[in-house]
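Data block below; observations after.
There are 2 protein chains.
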Amino acid sequence: MTEEQEVFLKHIQKKGLKRTTQRDLILDIFLRTEEHLSSEDLYRLVKREDRSIGQTTVYRTLKLLTEAGLAREVRFGDGITHYEHNYKHQHHDHMICSKCGRIIEFFSAELEAIQDAMAAKHRFQVTQHLLRIIGVCAECRRAMKEADKEKAAPRGSARQTTARAR
Amino acid sequence: MTEEQEVFLKHIQKKGLKRTTQRDLILDIFLRTEEHLSSEDLYRLVKREDRSIGQTTVYRTLKLLTEAGLAREVRFGDGITHYEHNYKHQHHDHMICSKCGRIIEFFSAELEAIQDAMAAKHRFQVTQHLLRIIGVCAECRRAMKEADKEKAAPRGSARQTTARAR
DNA sequence: TCCGCAAGGAAAACTGTTTTCAGTTTTCGA
DNA sequence: TCGAAAACTGAAAACAGTTTTCCTTGCGGA
Numbered sequence: 011m012t013e014e015q016e017v018f019l020k021h022i023q024k025k026g027l028k029r030t031t032q033r034d035l036i037l038d039i040f041l042r043t044e045e046h047l048s049s050e051d052l053y054r055l056v057k058r059e060d061r062s063i064g065q066t067t068v069y070r071t072l073k074l075l076t077e078a079g080l081a082r083e084v085r086f087g088d089g090i091t092h093y094e095h096n097y098k099h100q101h102h103d104h105m106i107c108s109k110c111g112r113i114i115e116f117f118s119a120e121l122e123a124i125q126d127a128m129a130a131k132h133r134f135q136v137t138q139h140l141l142r143i144i145g146v147c148a149e150c151r152r153a154m155k156e157a158d159k160e161k162a163a164p165r166g167s168a169r170q171t172t173a174r175a176r
Numbered sequence: 011m012t013e014e015q016e017v018f019l020k021h022i023q024k025k026g027l028k029r030t031t032q033r034d035l036i037l038d039i040f041l042r043t044e045e046h047l048s049s050e051d052l053y054r055l056v057k058r059e060d061r062s063i064g065q066t067t068v069y070r071t072l073k074l075l076t077e078a079g080l081a082r083e084v085r086f087g088d089g090i091t092h093y094e095h096n097y098k099h100q101h102h103d104h105m106i107c108s109k110c111g112r113i114i115e116f117f118s119a120e121l122e123a124i125q126d127a128m129a130a131k132h133r134f135q136v137t138q139h140l141l142r143i144i145g146v147c148a149e150c151r152r153a154m155k156e157a158d159k160e161k162a163a164p165r166g167s168a169r170q171t172t173a174r175a176r
């Protein structure tokens, strides 16, 4: 049993809840997916291994994982709640590419320090913070430059439409 | 006519739309309210001056204001889209008190600089960024301390319940 | 004055999420 | 080992914020 599973089990027990196969499976799939999953995403993955599990259970289990400190809710502002690993994972921030949806994680100690300083200045006690940088990633910038060149001296007819991030 | 109204008018015209009393009223009320309004908030204010205006129009007009660059959408992650003034207003970040919902605006040039540096490092072209610090404001911290004292040596019976931010 | 495009409001549709409901499973003490 | 109590589950309904649809209204130019 992994450390994470123990943490979950401990949390479950502390709340007087029960360990079930559904919860085990959802946790397992969550753990082996190192991404920013939405509840929907996870639901799809889970369903692939057990068609009988319902959305509701996934929602509920994600809540439990969050409570247990294994997952962390991240809302990027598109109305969808994403979840990322939280156990023994260092805090980090996100850059989100508005073209392809790619998420780049980064961390800066200086940034953290300044944030804390700003909070202190306002006598504000920080419990959490979120930094989100939205823009265009290196990859997409290159693609765009290509497209521009193409436009200036067109060769083929099909111009790539930029995929909208979801 | 204020500068903002001109900006709006210009935008309206560029899109081949029309100036209407409803849009004027909504813009007017938005401009005189220096806060982070949700669509619902604005709708309530507008309705006070003209009962006949519908939610839909408020939503649509806020979209227009955003397009025109007068307003800016801010999502704090509670599922509600807030709008703040954007025209000739310097960019700033937010601290949000989870007890009373108060919003403190702040700005730090260093912070901006580091963010830009981080982006540059990843060859990421920034179009927007958002920093949200969640915690407890000075006011509420004081209130909590009071409550704790009260608890240690109770005098009255009524203990204040902390209002949940909305 | 007539035409046509855009506007506006009500209501329906939609989306992600939460709650309700009713049947099922698990736990645990006797 | 039984049986009651508590928790679990999935489906469907409920919800809240937002967007779309539909149809009437009305302005503005020919």
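Same order as they appear, the protein sequences are chains A and B. Mapping of the first sequence onto our numbering: position 121 corresponds to residue 131, and the numbering continues sequentially without gaps. Mapping of the second sequence onto our numbering: position 116 corresponds to residue 126, and the numbering continues sequentially without gaps. Each residue gets a CB set at the ideal place from its N, CA and C atoms; glycine is no exception.
CB contact flag (HIS139 (chain B), PHE117 (chain B), <8 Å): On the second sequence, residue 139 (chain B) is found 129 positions in, with the first residue counted as 1. On the second sequence, residue 117 (chain B) is found 107 positions in, with the first residue counted as 1. Not closer than 8 Å, so no.
Closer than 7 Å at the beta carbon, the chain A residues around SER118 (chain B): By 1-based counting over the second sequence, the position of residue 118 (chain B) is 108. Per Cβ cutoff of 7 Å: ILE124 and MET128.
Beta-carbon proximity of ILE36 (chain B) to THR71 (chain B), cut-off 8 Å: Position 26 of the second sequence, counting from 1, holds the residue named residue 36 (chain B). Position 61 of the second sequence, counting from 1, holds the residue named residue 71 (chain B). Remark: C-beta atoms of ILE36 (chain B) and THR71 (chain B) approach each other more closely than 8 Å.
Contact under 8 Å by Cβ, HIS21 (chain A) with GLU77 (chain A): Here the question's residue 21 (chain A) lines up with position 11 in the first sequence. Here the question's residue 77 (chain A) lines up with position 67 in the first sequence. A distance below 8 Å separates the beta carbons of HIS21 (chain A) and GLU77 (chain A).
Own chain residues within Cβ distance below 8 Å of THR91 (chain B), not counting five before or after: Taking the second sequence and counting its residues from 1, the one referred to as residue 91 (chain B) is at position 81. Answer for THR91 (chain B): SER48, SER49, GLU83, VAL84 and ARG85, listed in chain order.
Cβ neighbour criterion (16 or more within 10 Å) applied to ALA81 (chain B): In the second sequence, the residue the question calls residue 81 (chain B) occupies position 71. Flag for ALA81 (chain B) reads buried.
Length of the line joining the Cα atoms of LYS109 (chain B) and GLU156 (chain B): As a first step, residue 109 (chain B) must be located in the second sequence, where it is residue number 99. As a first step, residue 156 (chain B) must be located in the second sequence, where it is residue number 146. Computed Cα separation, rounded: 15 Å.
Buried/exposed call for GLU45 (chain B), threshold 16 Cβ in 10 Å: Locating residue 45 (chain B) in the second sequence gives position 35, counting from the first residue. Counting Cβ neighbours within 10 Å, GLU45 (chain B) comes out exposed, since fewer than 16 surround it.
C-alpha gap between ARG112 (chain A) and LYS24 (chain A), whole angstroms: In the first sequence, residue 112 (chain A) corresponds to position 102, counting from 1. In the first sequence, residue 24 (chain A) corresponds to position 14, counting from 1. Rounded to whole angstroms, the gap between the alpha carbons of ARG112 (chain A) and LYS24 (chain A) is 38 Å.
Per-residue burial, ASP158 (chain B) [other beta carbons within 10 Å of its own, 16 or more giving buried]: Position 148 of the second sequence, counted from the first residue, corresponds to residue 158 (chain B). Burial state of ASP158 (chain B) is exposed, judged by a 10 Å Cβ sphere holding fewer than 16 other Cβ atoms.
Length at least 3, wholly inside the region 76-156 of chain B: the beta strand (DSSP E) runs in chain order: The region 76-156 of chain B contains these whole beta strand (DSSP E) runs: 81-85, 91-95, 103-107, 113-116 and 135-146.
Neighbour-count burial assignment, GLN100 (chain A), 16 or more Cβ in a 10 Å radius: Position 90 of the first sequence holds residue 100 (chain A). Exposed, by the Cβ-count rule.
C-beta atoms of ALA129 (chain A) and GLY87 (chain B) nearer than 8 Å: The count along the first sequence starts at 1 and reaches residue 129 (chain A) at position 119. The count along the second sequence starts at 1 and reaches residue 87 (chain B) at position 77. No, they are not a contact pair.
Proximal chain A residues relative to HIS139 (chain B), where beta-carbon distance stays under 9 Å: Here residue 139 (chain B) corresponds to residue number 129 of the second sequence, with the count starting at 1. MET105, LEU141, ARG142, ILE143, ILE144 and GLY145, listed in chain order.
Chain A within 8 Å of HIS21 (chain B), Cβ atoms only: In the second sequence, the residue the question calls residue 21 (chain B) occupies position 11. Chain A, which has no Cβ nearer than 8 Å to the Cβ of HIS21 (chain B), makes this no.
Residues from the region 68-88 of chain B in contact with chain A, defined by Cβ distance under 7 Å: Against chain A - using a Cβ distance shorter than 7 Å - the residues of the region 68-88 of chain B are ARG85 and GLY87.
Neighbouring residues, chain B, relative to SER48 (chain A) (Cβ below 8 Å): To locate residue 48 (chain A), count along the first sequence from 1; it is residue 38. What SER48 (chain A) touches in chain B: nothing, since even the nearest Cβ is about 14 Å away.
Nearest-angstrom Cα separation, counted from GLU115 (chain A) out to ASN96 (chain A): The residue labelled residue 96 (chain A) in the question sits at position 86 within the first sequence. The residue labelled residue 115 (chain A) in the question sits at position 105 within the first sequence. Cα-Cα distance, rounded: 13 Å.
Short Cβ contact (8 Å threshold) for VAL136 (chain A) with GLY79 (chain A): Mapped onto the first sequence, residue 136 (chain A) falls at position 126. Mapped onto the first sequence, residue 79 (chain A) falls at position 69. With a cutoff of 8 Å on beta-carbon distance, VAL136 (chain A) and GLY79 (chain A) are scored as not near each other.
Contact check, PHE134 (chain A) vs ALA148 (chain B), beta carbons under 8 Å: Counting from 1 along the first sequence, the entry for residue 134 (chain A) is found at position 124. Counting from 1 along the second sequence, the entry for residue 148 (chain B) is found at position 138. In this structure, PHE134 (chain A) lies near ALA148 (chain B), with their beta-carbon atoms less than 8 Å apart.
ILE143 (chain A) to THR31 (chain B) span [Cα, whole Å]: In the first sequence, residue 143 (chain A) corresponds to position 133, counting from 1. In the second sequence, residue 31 (chain B) corresponds to position 21, counting from 1. Here the alpha carbons of THR31 (chain B) and ILE143 (chain A) stand approximately 38 Å from one another.
Under 7 Å by beta carbon: chain B residues contacting GLN135 (chain A): As a working mapping, residue 135 (chain A) is identified with position 125 in the first sequence. Ordered by position in chain B, the residues that pass the 7 Å Cβ test against GLN135 (chain A) are GLY145, VAL146 and ARG151.
Exposure label - GLU14 (chain B); buried when at least 16 CB within 10 Å: Translated into positions along the second sequence, residue 14 (chain B) becomes position 4. Classification of GLU14 (chain B): buried, given that the 10 Å Cβ count is 16 or more.
Within chain A, partners of HIS132 (chain B) - CB distance below 8 Å: For the purposes of this step, residue 132 (chain B) is taken as the residue at position 122 of the second sequence. The contacting residues are MET105, ILE114, PHE116, CYS147 and ALA148.
Straight-line gap, ASP34 (chain A) to LEU55 (chain A) (C-alpha atoms, nearest Å): Here residue 34 (chain A) corresponds to residue number 24 of the first sequence, with the count starting at 1. Here residue 55 (chain A) corresponds to residue number 45 of the first sequence, with the count starting at 1. Cα to Cα, the separation comes out at about 14 Å.
Alpha carbon of ARG29 (chain B) to alpha carbon of THR66 (chain B), nearest angstrom: The residue labelled residue 29 (chain B) in the question sits at position 19 within the second sequence. The residue labelled residue 66 (chain B) in the question sits at position 56 within the second sequence. Rounded to whole angstroms, ARG29 (chain B) to THR66 (chain B) spans 17 Å at the Cα level.
Contact set between LEU121 (chain A) and chain B, taken where Cβ atoms lie within less than 8 Å: Within the first sequence, residue 121 (chain A) is the residue found at index 111, counting from 1. Under the 8 Å cutoff, chain B gives LEU121, ILE124, GLN125 and MET128.
LEU74 (chain A) classed as buried or exposed, judged by whether at least 16 other C-beta atoms fall within 10 angstroms: Working through the first sequence from its first residue, we reach residue 74 (chain A) at position 64. LEU74 (chain A) is classed as buried because its beta carbon has at least 16 other beta carbons within 10 Å across all chains shown.
Short CB-CB distance (under 8 Å) between SER62 (chain A) and chain B: In the first sequence, the residue the question calls residue 62 (chain A) occupies position 52. Chain B has no Cβ within less than 8 Å of the Cβ of SER62 (chain A).
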